[in-house]
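Visitor: Line by line, the protein sequences are chains A, B, C and D. By the numbering used here, the letter at position 83 of the first sequence is numbered 553, and the numbering carries on one by one without gaps. By the numbering used here, the letter at position 99 of the second sequence is numbered 569, and the numbering carries on one by one without gaps. By the numbering used here, the letter at position 143 of the third sequence is numbered 613, and the numbering carries on one by one without gaps. By the numbering used here, the letter at position 96 of the fourth sequence is numbered 566, and the numbering carries on one by one without gaps. For each residue, glycine too, the CB sits at the ideal point set by N, CA and C. Dropping a structure here in structure tokens format, bear with me for questions.
Number of protein chains: 4
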Amino acid sequence: MPIVSEEYKEEKKEQILDSAFECFAKKGFQTATMDDIVAHCGMSKGAIYNYFSSKEEIYLDLLTRATDKNFAQYHKHFAKHRTASSKMDYLFNAYLSANPIDRNRLEYIVVFYEFNLHSTRDPDLLQQLHERKRKLVTLVNDIIQEGQQLGEFKSNIPSQLYAERFWTIIDGVNLHAVYDDFPYYDVLRELKEMYLDELKSE
Amino acid sequence: MPIVSEEYKEEKKEQILDSAFECFAKKGFQTATMDDIVAHCGMSKGAIYNYFSSKEEIYLDLLTRATDKNFAQYHKHFAKHRTASSKMDYLFNAYLSANPIDRNRLEYIVVFYEFNLHSTRDPDLLQQLHERKRKLVTLVNDIIQEGQQLGEFKSNIPSQLYAERFWTIIDGVNLHAVYDDFPYYDVLRELKEMYLDELKSE
Amino acid sequence: MPIVSEEYKEEKKEQILDSAFECFAKKGFQTATMDDIVAHCGMSKGAIYNYFSSKEEIYLDLLTRATDKNFAQYHKHFAKHRTASSKMDYLFNAYLSANPIDRNRLEYIVVFYEFNLHSTRDPDLLQQLHERKRKLVTLVNDIIQEGQQLGEFKSNIPSQLYAERFWTIIDGVNLHAVYDDFPYYDVLRELKEMYLDELKSE
Amino acid sequence: MPIVSEEYKEEKKEQILDSAFECFAKKGFQTATMDDIVAHCGMSKGAIYNYFSSKEEIYLDLLTRATDKNFAQYHKHFAKHRTASSKMDYLFNAYLSANPIDRNRLEYIVVFYEFNLHSTRDPDLLQQLHERKRKLVTLVNDIIQEGQQLGEFKSNIPSQLYAERFWTIIDGVNLHAVYDDFPYYDVLRELKEMYLDELKSE
DNA sequence: CATGAATGAGCTTTCATTCAT
DNA sequence: CATGAATGAAAGCTCATTCAT
Numbered sequence: 471m472p473i474v475s476e477e478y479k480e481e482k483k484e485q486i487l488d489s490a491f492e493c494f495a496k497k498g499f500q501t502a503t504m505d506d507i508v509a510h511c512g513m514s515k516g517a518i519y520n521y522f523s524s525k526e527e528i529y530l531d532l533l534t535r536a537t538d539k540n541f542a543q544y545h546k547h548f549a550k551h552r553t554a555s556s557k558m559d560y561l562f563n564a565y566l567s568a569n570p571i572d573r574n575r576l577e578y579i580v581v582f583y584e585f586n587l588h589s590t591r592d593p594d595l596l597q598q599l600h601e602r603k604r605k606l607v608t609l610v611n612d613i614i615q616e617g618q619q620l621g622e623f624k625s626n627i628p629s630q631l632y633a634e635r636f637w638t639i640i641d642g643v644n645l646h647a648v649y650d651d652f653p654y655y656d657v658l659r660e661l662k663e664m665y666l667d668e669l670k671s672e
Numbered sequence: 471m472p473i474v475s476e477e478y479k480e481e482k483k484e485q486i487l488d489s490a491f492e493c494f495a496k497k498g499f500q501t502a503t504m505d506d507i508v509a510h511c512g513m514s515k516g517a518i519y520n521y522f523s524s525k526e527e528i529y530l531d532l533l534t535r536a537t538d539k540n541f542a543q544y545h546k547h548f549a550k551h552r553t554a555s556s557k558m559d560y561l562f563n564a565y566l567s568a569n570p571i572d573r574n575r576l577e578y579i580v581v582f583y584e585f586n587l588h589s590t591r592d593p594d595l596l597q598q599l600h601e602r603k604r605k606l607v608t609l610v611n612d613i614i615q616e617g618q619q620l621g622e623f624k625s626n627i628p629s630q631l632y633a634e635r636f637w638t639i640i641d642g643v644n645l646h647a648v649y650d651d652f653p654y655y656d657v658l659r660e661l662k663e664m665y666l667d668e669l670k671s672e
Numbered sequence: 471m472p473i474v475s476e477e478y479k480e481e482k483k484e485q486i487l488d489s490a491f492e493c494f495a496k497k498g499f500q501t502a503t504m505d506d507i508v509a510h511c512g513m514s515k516g517a518i519y520n521y522f523s524s525k526e527e528i529y530l531d532l533l534t535r536a537t538d539k540n541f542a543q544y545h546k547h548f549a550k551h552r553t554a555s556s557k558m559d560y561l562f563n564a565y566l567s568a569n570p571i572d573r574n575r576l577e578y579i580v581v582f583y584e585f586n587l588h589s590t591r592d593p594d595l596l597q598q599l600h601e602r603k604r605k606l607v608t609l610v611n612d613i614i615q616e617g618q619q620l621g622e623f624k625s626n627i628p629s630q631l632y633a634e635r636f637w638t639i640i641d642g643v644n645l646h647a648v649y650d651d652f653p654y655y656d657v658l659r660e661l662k663e664m665y666l667d668e669l670k671s672e
Numbered sequence: 471m472p473i474v475s476e477e478y479k480e481e482k483k484e485q486i487l488d489s490a491f492e493c494f495a496k497k498g499f500q501t502a503t504m505d506d507i508v509a510h511c512g513m514s515k516g517a518i519y520n521y522f523s524s525k526e527e528i529y530l531d532l533l534t535r536a537t538d539k540n541f542a543q544y545h546k547h548f549a550k551h552r553t554a555s556s557k558m559d560y561l562f563n564a565y566l567s568a569n570p571i572d573r574n575r576l577e578y579i580v581v582f583y584e585f586n587l588h589s590t591r592d593p594d595l596l597q598q599l600h601e602r603k604r605k606l607v608t609l610v611n612d613i614i615q616e617g618q619q620l621g622e623f624k625s626n627i628p629s630q631l632y633a634e635r636f637w638t639i640i641d642g643v644n645l646h647a648v649y650d651d652f653p654y655y656d657v658l659r660e661l662k663e664m665y666l667d668e669l670k671s672e
């Protein structure tokens, strides 16, 4: 019998997560302190510990939610697309339409890839990292196979490998977005064309 | 014991850097403690501070040396190659011949990309990060232009952009090497072919 | 316990300062450790750092408060005195009535003069030292000038110089109080008479 | 059977003591490090430990020598003076002729009084402090008694007390020399006159 | 005797977490 | 639930002293 509504709690949690993200972005997970987060979100230290049991848990929750939100968005948009091509197009465009010099996006990139590397050291997190990656690969693999069945894509290419290659490209491009002189659009656009050319039947 | 040779001191430094690398690989820069490094390299805390003035300096030196060594290796090998094609081949093969599941290589990847992301937050380090990247892009750009002049590569392609694309691909592949089920060879080989196909004159 | 009154916090601060004083008195600022202070005041190390940001800050606050208290006391008592003579008398008596072998007073003397000498090496502290001294000289100078205007004191003496001389004497006597066989009263009483004799009109 | 001559050793010792003095003056005994002294005197750390067994010993030796030199100087000069008056004159003039803003002198003052306060905390050092002070008081006391016997000084004054008073004045003036706007000459000259007036028979 | 690299106890300070109010 | 003062283990770093060469 909770005293406050679930909505209230969820709202509070998101406030904390937003502040935590800002702090992790500015200083990194290890260097950002609970006091930083407290100062940023305006509530008390005790309050935060009512919603999260540790700094690590905030970190985990923050990034789990971010990737979940990502997945949800993908699936939501895919529902609107009829062809595999348009789905692939959508995926590429999700990154092409992103503003590479948007401070918030860069911060997210840094925090996100730092978390991936961090996850490398903890068996449980590594497990989750693999699962998420598998889901991402499957997402693209399904599209490619769909395109192959519908005749949009060449039927003799290894779909799984192409799915892997897609995310390899995306992560490469994202990582380079931290260089402010990186020709993000141009590189990504060309890679997209190169990629789709190989994929599509003549 | 005092009055030791420069070689001795250099050797000591490398011992410390090796131990530090192991510790940073196992726990990350922030989490690894000086005591960890002390325990790993067997010398006393004071001894380490005779060679490096802070944990941060060890970190910086470690990664500066690693990238310098990398550059030196590239330039050394390029001297042996006559054609631009064979140089590009060498570059790709440097990554294709790497064992993606070699523990040491994975550790290096994690530490290296973590350092890049870390550098993002310090103006001085960011500056260095940019410089290193510029040098890497120039390295490839020079090869491509050389190939264009010699008629090996298409003359109408933007060499700079292709150089950027090269490192985007490499970083993407490296980053995915942390997933033990990643088909490292296959993905990289196909990307290499795709990349060189576009580059070479028919 | 949180959300405590300002009084509570002030009390805590004073507890810490009292303990710090004891420790500095016993060992000196540099030699006394935070652990000594922790052990003496019974609270945790973290608690102390909630009230002061460094050992140095404790030292500074301790001595700033002590001298401020001194000034306040002087001014408070001067309000009760009508003549310049009685004010000078009060000043001398403040030192004559002090118990020279009181352990606490001796400790204060040592800590206080050590701090003065310490301040000599830091431009900011030296500045403060000068200001405090100027205020002390002004305090006495004002009294002398007042006495000259009222005809109590000779009008042809340089008041400023006499003010300087007053504190010279006081500091000399204080410093010698650390010698337990020093005839504190006798020396100070004679110096007082000598001093006032020269000051007073016949 | 020492390998090097005593003179050589003594010279080395003095080199070390000079450097140590500079360092203690600049930073204080606790804050100055052996490395500071090493850097200043140009010899190795081990060399210093051949002549002194600890930093504390350097400190002690430094100040013992300084005060011994002082005593020796006094006695040497007193031999030249015939009257008690001229001896007292000499003593006062030793301080009156000192340049109060001479950096070296100020440094000596700070180091010297810091050492006195430091000695307060160690029974052995306190003992030495007392002995030295007793000798200083005796020095002046002897002069005054000599003057009384020769009829130069009033015979009914307590010589011991006057001797105490002398050093009280000197220490007060010295201590104030650290304030660069202190009218050192004027204050000391007036105190001298005041003092001698009381002493001398009409 | 001279050297300076090595030692390691000990220092100040930080900060995730707890819990009395 | 909210608060923020309290905790104390641990962190990075220093430095007087030693001793192999």
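Leaving aside the five residues before and after A:K515 along the sequence, list all residues of the same chain whose C-beta is less than 7 Å from its C-beta, in chain order.
Guide: Counting from 1 along the first sequence, the entry for residue 515 of chain A is found at position 45. Cβ within range, chain order: M504, V508.
Visitor: Only counting the same chain, and skipping five residues up and downstream in sequence, which positions put a Cβ closer than 7 Å to that of B:I613?
Guide: Here residue 613 of chain B refers to the residue found at position 143 of the second sequence. Hits under 7 Å: A554, K557, M558.
Visitor: From the DSSP secondary-structure annotation, give me the bridge partner or partners of C:F623.
Guide: Mapped onto the third sequence, residue 623 of chain C falls at position 153. In DSSP, C:F623 forms a bridge with C:K670.
Visitor: Under 8 Å by Cβ, that's how I've got B:Y521 and B:I486 pegged, so tell me the actual separation to the nearest angstrom.
Guide: In the second sequence, the residue the question calls residue 521 of chain B occupies position 51. In the second sequence, the residue the question calls residue 486 of chain B occupies position 16. That pair is a contact at about 6 Å.
Visitor: Please classify A:D641: is it buried, with 16 or more other beta-carbons within 10 angstroms of its beta-carbon, or exposed?
Guide: Translated into positions along the first sequence, residue 641 of chain A becomes position 171. So A:D641 counts as buried.
Visitor: Since I believe A:A495 is in contact with A:V610 (beta carbons under 8 Å), could you give me their beta-carbon distance rounded to a whole number of angstroms?
Guide: Against the first sequence, residue 610 of chain A aligns to sequence position 140. Against the first sequence, residue 495 of chain A aligns to sequence position 25. 28 Å between Cβ atoms; not a contact.
Visitor: Mark D:G498 as exposed unless 16 or more other C-beta atoms lie within 10 angstroms of its C-beta, in which case mark it buried.
Guide: In the fourth sequence, residue 498 of chain D corresponds to position 28, counting from 1. D:G498 is buried by the Cβ-count criterion.
Visitor: Buried or exposed for A:R552, going by 16 or more other Cβ atoms inside 10 Å?
Guide: Here residue 552 of chain A refers to the residue found at position 82 when the first sequence is read from its first residue. Counting Cβ neighbours within 10 Å, A:R552 comes out exposed, since fewer than 16 surround it.
Visitor: With DSSP collapsed to three states, give me the class of C:G642.
Guide: On the third sequence, residue 642 of chain C is found 172 positions in, with the first residue counted as 1. The answer is helix: DSSP assigns C:G642 an H, G or I state.
Visitor: Which of the three DSSP states is assigned to C:K550 in this structure?
Guide: In the third sequence, the residue the question calls residue 550 of chain C occupies position 80. Note: C:K550 maps to coil in three-state DSSP.
Visitor: For chain D, check one thing: does any of its Cβ atoms lie closer than 8 Å to the Cβ of C:L530?
Guide: Counting from one through the third sequence, the residue named residue 530 of chain C turns up at place 60. False, the Cβ-Cβ gap to chain D never drops below 8 Å.
Visitor: Among C:F491, C:S523, C:T501, whose alpha-carbon lies nearest the alpha-carbon of C:H510?
Guide: Reading the third sequence from its first residue, position 40 is the one you call residue 510 of chain C. Measuring from the Cα of C:H510, the nearest candidate turns out to be C:F491.
Visitor: With a threshold of 8 Å between beta carbons, is D:T501 in contact with chain C?
Guide: What you label residue 501 of chain D is simply residue 31 of the fourth sequence in a count that begins at 1. It does; some Cβ of chain C falls within 8 Å.
Visitor: Pick out whichever of C:A536, C:F548, C:D572 has its Cα sitting closest to the Cα of C:F585.
Guide: Stepping through the third sequence from its first residue, residue 585 of chain C is reached at position 115. For C:F585, the nearest C-alpha among the options comes from C:A536.
Visitor: Between which two residues does the alpha helix (DSSP H) harbouring C:G516 extend?
Guide: By one-based count along the third sequence, residue 516 of chain C stands at place 46. Element bounds for C:G516: 515–521.
Visitor: Is there at least one Cβ from chain A nearer than 8 Å to B:I639's Cβ?
Guide: Locating residue 639 of chain B in the second sequence gives position 169, counting from the first residue. Output row for B:I639: interface = yes.
Visitor: Quick check: is the beta carbon of D:T590 nearer than 8 Å to any beta carbon in chain C?
Guide: The residue given as residue 590 of chain D occupies position 120 in the fourth sequence. Taking Cβ atoms only, chain C reaches closer than 8 Å to D:T590, which makes this a yes.
Visitor: Any contact of the segment 652–662 of chain D with the segment 560–570 of chain D, i.e. 3+ C-beta pairs under 8 Å?
Guide: Flag = yes, the segment 652–662 of chain D and the segment 560–570 of chain D touch.
Visitor: Cutting at 6 Å between CB atoms, please list the residues of its own chain near C:F548, excluding the five before and the five after it.
Guide: On the third sequence, residue 548 of chain C is found 78 positions in, with the first residue counted as 1. K557, listed in sequence order.
Visitor: Can you tell which of B:Q619, B:N626, B:Y632, B:I627 has the C-alpha that lies nearest to the C-alpha of B:T608?
Guide: Along the second sequence, read from residue 1 onward, the residue named residue 608 of chain B stands at position 138. The candidate whose alpha carbon is nearest that of B:T608 is B:Y632.
Visitor: Using a Cβ cut-off of 7 Å, which residues of the segment 643–671 of chain B contact any Cβ in chain A, in chain order?
Guide: Under the 7 Å Cβ criterion, the segment 643–671 of chain B contributes V643, L645, H646, V648, Y649, F652, P653, D656, V657, E660, L661, M664, E668.
Visitor: Does the separation of the CB atoms of A:F623 and A:S671 fall below 8 Å?
Guide: Sequence index remark: in the first sequence, residue 623 of chain A carries index 153 (1-based). Sequence index remark: in the first sequence, residue 671 of chain A carries index 201 (1-based). Closer than 8 Å, so yes.
Visitor: Suppose the cutoff is 8 Å on Cβ atoms and the five residues either side in sequence are ignored; what does the same chain contact list for B:R602 look like?
Guide: Position 132 of the second sequence holds residue 602 of chain B. These residues qualify, in order along the chain: T537.
Visitor: Give me the Cα-Cα distance between B:A647 and B:S524, rounded to the nearest whole angstrom.
Guide: Translated into positions along the second sequence, residue 647 of chain B becomes position 177. Translated into positions along the second sequence, residue 524 of chain B becomes position 54. Roughly 31 Å separates the two Cα atoms.
Visitor: Indicate whether at least one CB of chain B lies closer than 8 Å to the CB of A:H551.
Guide: Taking the first residue of the first sequence as 1, we reach residue 551 of chain A at position 81. A:H551 does not count as touching chain B.
Visitor: Return the residue from the list C:V643, C:E476, C:F541 that minimises the CA-CA distance to C:Y654.
Guide: Start at 1 with the first residue of the third sequence, and residue 654 of chain C comes out as number 184. The candidate whose alpha carbon is nearest that of C:Y654 is C:V643.
Visitor: Locate the alpha helix (DSSP H) running through D:N574, then write down its first and last residues.
Guide: In the fourth sequence, the residue the question calls residue 574 of chain D occupies position 104. Where D:N574 is concerned, the enclosing alpha helix (DSSP H) stretches over 573–589.
Visitor: Which residues of chain D have a Cβ atom closer than 9 Å to the Cβ of C:E480, listed in chain order?
Guide: Position 10 of the third sequence, counted from the first residue, corresponds to residue 480 of chain C. Ordered by position in chain D, no residue passes the 9 Å Cβ test against C:E480, which lies about 30 Å from the chain.
Visitor: If you drop the 5 nearest sequence neighbours on each side, which residues of the same chain put their C-beta closer than 8 Å to that of C:L620?
Guide: To locate residue 620 of chain C, count along the third sequence from 1; it is residue 150. Within the same chain, C:L620 has close Cβ partners T553, A554.
Visitor: Taking the alpha-carbon positions, what's the D:D506 to D:C493 distance?
Guide: Residue mapping note: residue 506 of chain D aligns to position 36 of the fourth sequence, counting from 1. Residue mapping note: residue 493 of chain D aligns to position 23 of the fourth sequence, counting from 1. The alpha-carbon atoms of D:D506 and D:C493 are separated by roughly 7 Å.
Visitor: Which of the three DSSP states is assigned to C:Q500 in this structure?
Guide: Residue mapping note: residue 500 of chain C aligns to position 30 of the third sequence, counting from 1. Coil, per DSSP.
Visitor: Taking the alpha-carbon positions, what's the B:E577 to B:I571 distance?
Guide: Taking the first residue of the second sequence as 1, we reach residue 577 of chain B at position 107. Taking the first residue of the second sequence as 1, we reach residue 571 of chain B at position 101. Spanning the two alpha carbons is a distance of roughly 10 Å.
Visitor: D:N574: which of D:I528, D:E481, D:I627, D:D488 sits nearest, CA to CA?
Guide: Counting from one through the fourth sequence, the residue named residue 574 of chain D turns up at place 104. Comparing Cα-Cα distances from D:N574 to each of D:I528, D:E481, D:I627, D:D488, the minimum goes to D:D488.
Visitor: Under 8 Å, Cβ to Cβ, is there at least one residue of chain B near A:R575?
Guide: By 1-based counting over the first sequence, the position of residue 575 of chain A is 105. Answer no: the Cβ-Cβ gap between A:R575 and chain B never drops below 8 Å.
Visitor: Pick out whichever of C:L606, C:L530, C:N569 has its Cα sitting closest to the Cα of C:A542.
Guide: Translated into the one-based positions of the third sequence, residue 542 of chain C becomes position 72. The residue with the shortest Cα to Cα distance from C:A542 is C:L606.
Visitor: Throw me the rounded Cβ distance for the C:E668 and D:M664 pair, which I believe falls under 8 Å.
Guide: Reading the third sequence from its first residue, position 198 is the one you call residue 668 of chain C. Reading the fourth sequence from its first residue, position 194 is the one you call residue 664 of chain D. Right, their Cβ atoms sit about 7 Å apart.
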